[in-house]
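Residue numbers (this note's numbering): 66 to 508. Every residue gets a Cβ at the ideal spot worked out from N, C-alpha and C, and that includes glycine. Notes follow the structure.
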Amino acid sequence: MACPGLEDDHEYRLVCGRFKPNPRPPAANEMPSQEIKGPWLAILNRPSMTVYTKLLVGCLLVGLSGGVAASAPPAMVIVVPVERRAVPLTQPLVGSIEPVRRTSVAAEEAGIVHKRHFDAGDEIDDKKVLVELKTDLLQAELDAARGLAAAAAADVVQAMAELENKRRELKRLKDLFEQRLAPDKEYFDAVSAEKAAEAAVSSRQGIRVQRDAEVARLELLIAKAQIRSPVAGWVARRHVEEGMWVGRGEPVADVVQMHPLFVRVNVPEGVVAKVNRGDPATVVFDALGGREVVGVVEQIWPEADTASRTVPLRILIENPDGKIRPGFFARVTLRARGEEELVVPTDAVITRDNRSHVVAVREGVAAIVPVERVRADALSVAVRGALKPGEMVVIRGNESLFPGAPLIPVPAGGPPGGGPPGGRPPTASDNANAPPATAPTRQ
């Protein structure tokens with residue numbers, strides 16, 4: 066029985082309900098591997114298959130072997146090089162921007178707001194005066210204290226002069242007393258007078274210290290009447306207005322630091338063990354048109370949230386232009402520091418029956434390379450297998466390739482003129498000599 070629709074290079078017959086090839090010597094252009102034998106013959110001899118099914122499968126096998134024998138022309142495929150780089154530990158995670166420093170600037174002393182030098186949304190420098198309290202009463206007290214301090218200083222000078230006189234008088238009487246020319250009472254009175262003068266000097270010096278301290282206290286109160294920001298940043302909220310009474314410790318403004326910033330993200334418990342301080346992370350902001358910023362892991366919480374089974378961590382990012390603001394939504398991708406693996410595009414990996422492989426271009430023909438998927442993101446896959454960095458793998462037209470199939474590799478994004486054998490990027494001469502063809506599409 067001849068298989069309908071095919072040339073008479075293969076004939077088949079039914080023997081006792083089984084589909085068998087006619088015994089005849091193979092033609093000169095036939096290869097031994099084209100014979101239907103081994104597992105294919107076992108499939109055709111299954112009792113569950115009908116005669117018509119066996120006939121159809123046999124015809125398909127004959128057509129396939131005939132195509133192989135006919136030496137099909139090289140297939141044009143799209144290729145990309147294998148990369149070795151660090152791969153993401155996670156898919157993009159949702160994060161929120163937080164300021165590194167947020168402070169509520171408060172009044173150290175009570176008073177009435179005399180002047181306000183800021184408003185909500187203003188950018189302020191470090192030590193900028195935000196509010197001035199009224200200091201007219203303090204200034205009057207300071208003037209009085211300075212006068213008392215000056216009087217105390219004069220008293221000290223006077224006491225020192227009196228002490229010097231007492232010491233000279235004592236020295237004179239001492240010489241006379243040693244010569245038995247001065248009475249005892251006069252000498253001992255001079256000794257007592259010197260001690261009294263010394264005590265007077267010490268007392269007036271103490272009063273002077275008190276007066277000077279009062280002056281310093283009032284000067285400090287006046288200085289504290291100027292409320293300054295301890296950090297540079299932006300005013301997030303204003304709490305006071307001119308003429309308001311501000312109590313001691315009450316806030317006048319909320320200030321947030323805008324550079325640098327924290328990105329807080331909750332990491333699954335299965336991933337946090339692989340994350341360390343200093344690891345890189347990529348942060349993408351949808352609000353800024355997909356702007357991408359690279360930061361580092363700065364803080365990792367010591368415990369997980371029992372409800373979500375995630376561990377919070379903070380990533381430090383730079384924000385020199387101030388475009389990123391606290392509260393922004395962010396997409397965070399964590400990456401392992403120093404761990405590089407072979408990475409290929411997702412389209413390069415074909416998985417069938419829980420087994421994965423890629424098609425590499427080696428010496429101008431297809432090579433099936435089994436691989437193990439390590440981890441993947443939306444666009445690429447980290448794999449382990451017999452691949453080398455820079456080796457070309459097929460990402461378009463790889464589904465139907467078989468080992469040894471001749472290929473025309475075209476680099477992704479390159480001209481549709483084909484590529485040279487071996488998987489290397491095409492040169493101008495290669496593209497000039499390549500046959501015209503159209504780019505294949507995924508079926």
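Can you tell me whether residue 331 is helix, strand or coil according to DSSP?
Strand, per DSSP.
Where does the unbroken alpha helix (DSSP H) through residue 141 begin, and where does it stop?
Note, residue 141: premise wrong, no alpha helix (DSSP H); beta strand (DSSP E) at 140 to 146.
Are three or more beta carbon pairs between the stretch 460 to 478 and the stretch 420 to 434 nearer than 8 Å?
In short, these stretches touch, since the Cβ pair count reaches three.
In the DSSP assignment, what residue or residues form a beta bridge with residue 299?
DSSP output for residue 299 lists 188, 321 as bridge partner(s).
Give the DSSP bridge partners of residue 476, in chain order.
According to DSSP, residue 476 bridges with 144.
What does the Cβ neighbour count give for residue 508, buried or exposed, with the cut at 16 atoms within 10 Å?
In this predicted model, residue 508 has a pLDDT of only 33, less than 50, meaning its place in the structure is not dependable; the value taken from the coordinates is given anyway. Exposed is the call here.
Looking at residue 176 and the ligand GTP, is the gap between the Cβ and the nearest heavy atom below 7 Å?
The model depicted lacks the ligand GTP and carries no ligand whatsoever.
Return the first residue and the last residue of the alpha helix (DSSP H) that residue 225 is part of.
Run containing residue 225: 201 to 243, per the alpha helix (DSSP H) assignment.
So does the stretch 272 to 281 actually touch the stretch 156 to 169, counting three or more Cβ pairs closer than 8 Å?
Output reads no: the stretch 156 to 169 does not touch the stretch 272 to 281.
From what residue to what residue does the alpha helix (DSSP H) around residue 289 run?
Element bounds for residue 289: 249 to 289.
When burial is assigned at 16 or more other CB atoms within 10 Å of the CB, is residue 412 buried or exposed?
So residue 412 counts as buried.
Considering only residues of the same chain and omitting the five flanking positions on each side of residue 311, which have a CB-CB separation below 8 Å?
Counting only Cβ-Cβ distances below 8 Å, and skipping sequence neighbours, we find 172, 175, 176, 177, 178, 196, 198, 305, 317.
Checking the sheet assignment: what are the DSSP bridge partners for residue 457?
Paired residues: 146.
For residue 414, tell me which candidate among 269, 400, 362, 145 has the shortest Cα-Cα distance.
Of 269, 400, 362, 145, the residue nearest in Cα terms is 145.
Looking at the structure shown, is residue 413 part of a helix, part of a strand, or coil, going by DSSP?
Helix.
Express the C-alpha separation of residue 328 and residue 320 in angstroms, rounding to a whole number.
Whole-angstrom Cα-Cα distance: 18 Å.
So, is the C-beta of residue 439 closer than 8 Å to a C-beta in chain D?
Going by chain labels, chain D is absent from the structure shown, which holds only one protein chain.
What is the DSSP secondary structure of residue 370, counted as helix, strand or coil?
Note: residue 370 maps to strand in three-state DSSP.
Can you tell me the Cβ-Cβ gap for residue 154 and residue 401, rounded? I've got them flagged as a contact below 8 Å.
Right, their Cβ atoms sit about 6 Å apart.
Can you tell me whether residue 447 is helix, strand or coil according to DSSP?
Here residue 447 sits in strand by DSSP.
Looking only at its own chain, which residues have a Cβ that is under 6 Å from the Cβ of residue 289, when we skip the five neighbours before and after it?
So the qualifying residues of the chain are 173, 174.
Alpha carbon to alpha carbon, what distance is there between residue 299 and residue 220?
Computed Cα separation, rounded: 52 Å.
Where does residue 381 sit, in a helix, a strand or coil, going by DSSP?
Strand, per DSSP.
Taking a contact to mean a Cβ-Cβ separation below 8 Å, would you say residue 457 touches residue 474 in this structure?
A contact, by the Cβ cut-off of 8 Å.
Determine which residues share a DSSP beta bridge with residue 438 and list them.
Note: residue 438 sits in a beta bridge opposite 448.
Tell me which same chain residues have a C-beta within less than 6 Å of the C-beta of residue 98, skipping the five on either side of it?
Because residue 98 carries a pLDDT of 42, less than 50, the predicted location of this residue cannot be relied on, and the following value inherits that uncertainty. If we look at residue 98 and ignore the five residues flanking it on each side, it has no Cβ neighbours.
So, with DSSP's three-state summary, where would you put residue 353?
Reduced to three states, the DSSP call for residue 353 is helix.
Taking the alpha-carbon of residue 284 as reference, which of 263, 365, 200 has the nearest alpha-carbon?
It is 200.
Kindly confirm or deny that the stretch 260 to 278 and the stretch 226 to 234 touch, where touching means at least three C-beta pairs closer than 8 Å.
With a cut-off of 8 Å, the stretch 226 to 234 and the stretch 260 to 278 count as touching, because enough Cβ pairs lie within range.
Does the stretch 327 to 342 come within contact of the stretch 358 to 376, defined as at least 3 CB pairs closer than 8 Å?
A contact exists between the stretch 327 to 342 and the stretch 358 to 376.
Based on the DSSP output, what are the partners of residue 180 in its beta bridges?
Beta-bridge pairing links residue 180 to 197.
If residue 152 and residue 340 are in contact, beta carbons under 8 Å, what's the gap, nearest whole angstrom?
Wrong, their Cβ atoms sit about 14 Å apart, outside the cutoff.
By Cβ distance, which residues of its chain are closer than 7 Å to residue 102, with the 5 residues on each side in sequence left out?
Note on residue 102: pLDDT 46, under 50, position unreliable in the model; no value is reported.
So, for residue 93: in the same chain, excluding its five sequence neighbours on each side, which residues have a beta-carbon less than 7 Å away from its beta-carbon?
Confidence at residue 93 is low in this model, with a pLDDT of 43, below 50, so its placement is unreliable and no value can be given for it.
Less than 8 Å separating the beta-carbons of residue 256 and residue 235?
Cβ distance < 8 Å, so residue 256 and residue 235 count as in contact.
Over what stretch of residues does the beta strand (DSSP E) that includes residue 421 continue unbroken?
From DSSP, the beta strand (DSSP E) with residue 421 extends over 420 to 427.
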